[in-house]
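Visitor: This is the structure I have questions about; it appears just below.
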Amino acid sequence: METVIELRSVQRSFVTEPDLADRIASMFGAKSSAGTLRAVDGVDLAIAEGEVVGLVGESGCGKSTLGRIVAGILPQDTGDVLFKGRPMVDKTRCKDGSGLGVQMIFQNPASALDPRQKIIDAITEAPIAHGLIKRSEARDFAIRALERVGMREDALDRYPHQFSGGQRQRVCIARALAVNPSVVVCDEAVASLDVSIQAQIINLFLDLKEELNLSYLFISHDISIVEHVSDRIAVMYLGQIVELAPTRELLENPQHPYTRALLAEVPSLDARLSEEHALTGELPSPLNPPAGCRFHTRCPIATETCRSDMPRLELLNGGHQVRCPVVQTKK
Amino acid sequence: MSTFWQRYKRNKSAVFGLAVIIIVIIMAATANFLYPFDPFRLAGKPLSGPGMNGFWLGSDSLGRDVAAGIVHGAKTSLLIGLIATLVAIFIGIVFGAFAGYYGGRLDDILMRITEIFQTIPSFIFAILLVAIMKPSIVSIVIAIAVVSWPGVARLVRGEFLALKNREFVQACHTLGMNDLRIMLREILPNCMSPIIVIGSLMVATAILIESGLAFLGLGDPNIMSWGFQIGAGRTMLRSAWWVCTFPGVAILITVLAINLVGEGLNDALNPRLRERN
Numbered sequence: 001m002e003t004v005i006e007l008r009s010v011q012r013s014f015v016t017e018p019d020l021a022d023r024i025a026s027m028f029g030a031k032s033s034a035g036t037l038r039a040v041d042g043v044d045l046a047i048a049e050g051e052v053v054g055l056v057g058e059s060g061c062g063k064s065t066l067g068r069i070v071a072g073i074l075p076q077d078t079g080d081v082l083f084k085g086r087p088m089v090d091k092t093r094c095k096d097g098s099g100l101g102v103q104m105i106f107q108n109p110a111s112a113l114d115p116r117q118k119i120i121d122a123i124t125e126a127p128i129a130h131g132l133i134k135r136s137e138a139r140d141f142a143i144r145a146l147e148r149v150g151m152r153e154d155a156l157d158r159y160p161h162q163f164s165g166g167q168r169q170r171v172c173i174a175r176a177l178a179v180n181p182s183v184v185v186c187d188e189a190v191a192s193l194d195v196s197i198q199a200q201i202i203n204l205f206l207d208l209k210e211e212l213n214l215s216y217l218f219i220s221h222d223i224s225i226v227e228h229v230s231d232r233i234a235v236m237y238l239g240q241i242v243e244l245a246p247t248r249e250l251l252e253n254p255q256h257p258y259t260r261a262l263l264a265e266v267p268s269l270d271a272r273l274s275e276e277h278a279l280t281g282e283l284p285s286p287l288n289p290p291a292g293c294r295f296h297t298r299c300p301i302a303t304e305t306c307r308s309d310m311p312r313l314e315l316l317n318g319g320h321q322v323r324c325p326v327v328q329t330k331k
Numbered sequence: 332m333s334t335f336w337q338r339y340k341r342n343k344s345a346v347f348g349l350a351v352i353i354i355v356i357i358m359a360a361t362a363n364f365l366y367p368f369d370p371f372r373l374a375g376k377p378l379s380g381p382g383m384n385g386f387w388l389g390s391d392s393l394g395r396d397v398a399a400g401i402v403h404g405a406k407t408s409l410l411i412g413l414i415a416t417l418v419a420i421f422i423g424i425v426f427g428a429f430a431g432y433y434g435g436r437l438d439d440i441l442m443r444i445t446e447i448f449q450t451i452p453s454f455i456f457a458i459l460l461v462a463i464m465k466p467s468i469v470s471i472v473i474a475i476a477v478v479s480w481p482g483v484a485r486l487v488r489g490e491f492l493a494l495k496n497r498e499f500v501q502a503c504h505t506l507g508m509n510d511l512r513i514m515l516r517e518i519l520p521n522c523m524s525p526i527i528v529i530g531s532l533m534v535a536t537a538i539l540i541e542s543g544l545a546f547l548g549l550g551d552p553n554i555m556s557w558g559f560q561i562g563a564g565r566t567m568l569r570s571a572w573w574v575c576t577f578p579g580v581a582i583l584i585t586v587l588a589i590n591l592v593g594e595g596l597n598d599a600l601n602p603r604l605r606e607r608n
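Which chain is which? The protein sequence lines are A and L, in order. Position one of the first sequence corresponds to residue 1 (my numbering), numbered consecutively onward. Position one of the second sequence corresponds to residue 332 (my numbering), numbered consecutively onward.
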């Protein structure tokens, strides 16, 4: 299978700039609140055509930032994001819509749609602006786009607030697919929906994937959803991928202590993993991550070297990658 | 639109204000019909009291009809108030939109410029500008616009700052829309409500500034205005009270009505305050 999107040691930091009051305070010896937050710290990831990669992790681990980098909303500081082998281009520059290969579905469909824009305009604005369709074809195009996500024509001239959450998310999907993307980043795309609607939307995602040969980067904090849709799962902790494996393999044979802890927290009738210790302590501040392995402060099996040396993501077998020297040596 | 009117209607004083403004607008629009002569014309006996010698609201020291002055002055006040506000809002939107959307250095530069204008006392600054440019209707509009845009700029900047990180704007980025399109088609329509509210209040302020300028003799000498009438009559306040009282009342009622309407618009357009009572 051909790789559609590839991340090579992508890094992204957020710098909190000191404001005037801060600078004056630090002149008098106060501790400055400014700092650098490494939201994404050296991520390598490749997604193949038609593949679904799940991305899980606690809130604040940088998974949304990574999704936004893939979608081209945020630029990366260093590293490369390659789309079909070529670096991403400035989307507004290519007039033929060729820069729109990656689209994004957001967590909250209510805020992802312009409240003052009719559905027809939301769907057709970008294709018209990029010359993919003519203005005169807009209505037919929008009808087809809505049909694809299971909505009817009468939605066209209504406003987002007239729909339920699930319908709005369908509109968002129709809008994203209107520019013929190859990759869709779903950032907690079902988290704000009712459980019964979640299932419908997830099935819609899977149907569309088959129909259009899409690839997804499916970001969620909910492993049970990710497991249902993903071919492979990546686990993220404090800006780094700590484990990456095919879904079955990851669930049945988790290696990294963080992954084990995450799986142990999933409520389950299966007692297999319940003896694992649940995570203790808070996520350390990403402004000031621990030295050595990022996870050693909460890790039940940490050794002395974990506190000083940053482990690398190593390949075990069967496409199973893990960032933990303890389990690597055990193998 | 109908729900907007439903919400607006709930505020009784705002409905009253709207009614008053409509009367003032009708008055201004029919000025040439009600008093089809020049309001500067010497129409009869000077200093006639209200109701005397055919003057409804009396005449001033040169025999000019006060009622004619008020009706023609309404035209001036509304026109200057409206145009100056539109110009100020335009400048404010341009400054605020670019500062809020792009942030960083551009934001710093634009906001420092805005602050320079904000620190100068606005009425003194307006007097200065009109005095430099020679009093005329154009220079008055420019002066009022120049002293009143910073508020709009700050408001628009704040709205743009808040809206540019909203998900529907990010979605536009992934859809490859350019910045100008996002600013005009996505963000600006979503911050129109506070702009309309601040704009309605600015019309009232603009009318006050214009009256103040005319009172000080810095009005356009060829155009009748309420401030000019008050200025002309102030020396005779004790002997001929009607000369400046009626234009003063006209200013008071108009400005009050506009403020009530602004308040009502705020209640009707601002979703966060909607359930206040």
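All residues carry an ideal CB built from backbone N, CA and C; glycine is no exception. All values reported here derive from a predicted model rather than from experimental measurement.
1) Could you tell me which chain L residues have their CB closer than 9 Å to the CB of M151 of chain A, listed as they occur along the chain?
2) With a threshold of 8 Å on Cβ separation, who are the neighbours of V500 of chain L within its own chain once the five nearest residues in sequence on each side are excluded?
3) Can you find a CB in chain A that lies within less than 9 Å of the CB of C503 of chain L?
4) Taking C-alpha atoms, which residue in L:R436, L:R569, L:M358, L:G548 lies nearest to P466 of chain L?
5) Buried or exposed for F546 of chain L, please, with buried defined as at least 16 other CB atoms from any protein chain shown within 10 angstroms of its CB.
6) At least one CB of chain L closer than 9 Å to the CB of D44 of chain A: is that the case?
7) Does the Cβ of P615 of chain L have 16 or more other Cβ atoms within 10 Å, making it buried, or fewer, making it exposed?
8) Considering only the beta carbon of each residue, do G507 of chain L and A126 of chain A sit closer than 9 Å?
9) Using DSSP bridges, identify the partner residues of V184 of chain A.
10) First and last residue of the beta strand (DSSP E) that includes Y237 of chain A?
11) Just verifying my parser: in three-state terms, what is the DSSP assignment at Q240 of chain A?
12) Spell out a yes or no on whether the stretch 51-61 of chain A and the stretch 209-219 of chain A are touching, meaning 3 or more CB-CB pairs, one atom from each, closer than 8 Å.
13) Going along chain L, which residues have a C-beta under 7 Å from A189 of chain A?
14) Closer than 8 Å, Cβ to Cβ, to anything on chain A: give me those residues from the stretch 378-389 of chain L, in chain order.
15) Which two residues bound the contiguous alpha helix (DSSP H) that contains G412 of chain L?
16) Please state the DSSP three-state secondary structure of G489 of chain L.
17) Any chance the stretch 154-162 of chain A sits against the stretch 111-120 of chain A, with 3 or more Cβ pairs inside 8 Å?
18) Does any CB atom of chain A fall closer than 9 Å to the CB of F335 of chain L?
19) Let me know the secondary structure DSSP gives A174 of chain A once reduced to three states.
20) Pull up the CB-CB distance for M533 of chain L and S479 of chain L, whole angstroms please, since I reckon it's below 8 Å.
21) Taking just the CA atoms, how far does T505 of chain L sit from R436 of chain L?
22) Please say whether V397 of chain L and Q560 of chain L have beta carbons closer to each other than 9 Å?
23) I need the DSSP call for I554 of chain L, collapsed to helix, strand or coil.
24) Check whether the Cβ of R488 of chain L lies closer than 9 Å to any Cβ atom in chain A.
25) Where are the alpha helix (DSSP H) runs, 4 residues long or more, that stay fully inside the stretch 462-524 of chain L, in chain order?
26) Within 9 Å of any Cβ in chain A, is that where the Cβ of P520 of chain L sits?
27) If you draw a straight line from the C-alpha of S220 of chain A to the C-alpha of S524 of chain L, how long is it?
28) Report the CB separation of I225 of chain A from L250 of chain A in whole angstroms; it is logged as a contact under 8 Å.
29) Mind listing the chain A neighbours of E517 of chain L? Cutoff is C-beta to C-beta under 7 Å, in chain order.
30) I need the straight-line Cα distance from N253 of chain A to V322 of chain A, nearest angstrom please.
31) Quick one: any contact between the stretch 36-48 of chain A and the stretch 2-18 of chain A, if contact means 3 or more CB pairs under 8 Å?
32) Mapping DSSP to helix, strand and coil, what is E210 of chain A?
33) From the DSSP output, in three-state form, read off G562 of chain L for me.
34) Along the stretch 99-114 of chain A, what residues have a CB closer than 8 Å to any CB found in chain L?
35) So the candidates are L:F371, L:P377, L:I401, L:D510; which of them puts its Cα closest to the Cα of I357 of chain L?
36) Please compile the residues from chain L whose C-beta is within a distance smaller than 7 Å of the C-beta of A411 of chain A.
Guide: Reading it off the structure:
1) Within chain L, no residue comes near M151 of chain A; the closest Cβ sits about 18 Å away, beyond 9 Å.
2) L494, I513, E517, I518
3) yes
4) L:G548
5) buried
6) no
7) Because chain L in this structure spans residues 332 to 608, residue 615 of chain L falls outside the shown range and cannot be described.
8) yes
9) A:Q103, A:Y216
10) 232-237
11) strand
12) yes
13) Simply none; closest approach about 11 Å.
14) none
15) 397-433
16) helix
17) yes
18) no
19) helix
20) 5 Å
21) 25 Å
22) yes
23) coil
24) no
25) 468-495, 498-505
26) yes
27) 36 Å
28) That belief does not hold up - the Cβ atoms of I225 of chain A and L250 of chain A are roughly 14 Å apart, past 8 Å.
29) D114
30) 12 Å
31) yes
32) helix
33) helix
34) G99, L100, V102, Q103, M104, F106, Q107, N108, S111, A112, L113, D114
35) L:I401
36) Nothing about residue 411 of chain A can be reported from this structure: the residues present for chain A run from 1 to 331 only.
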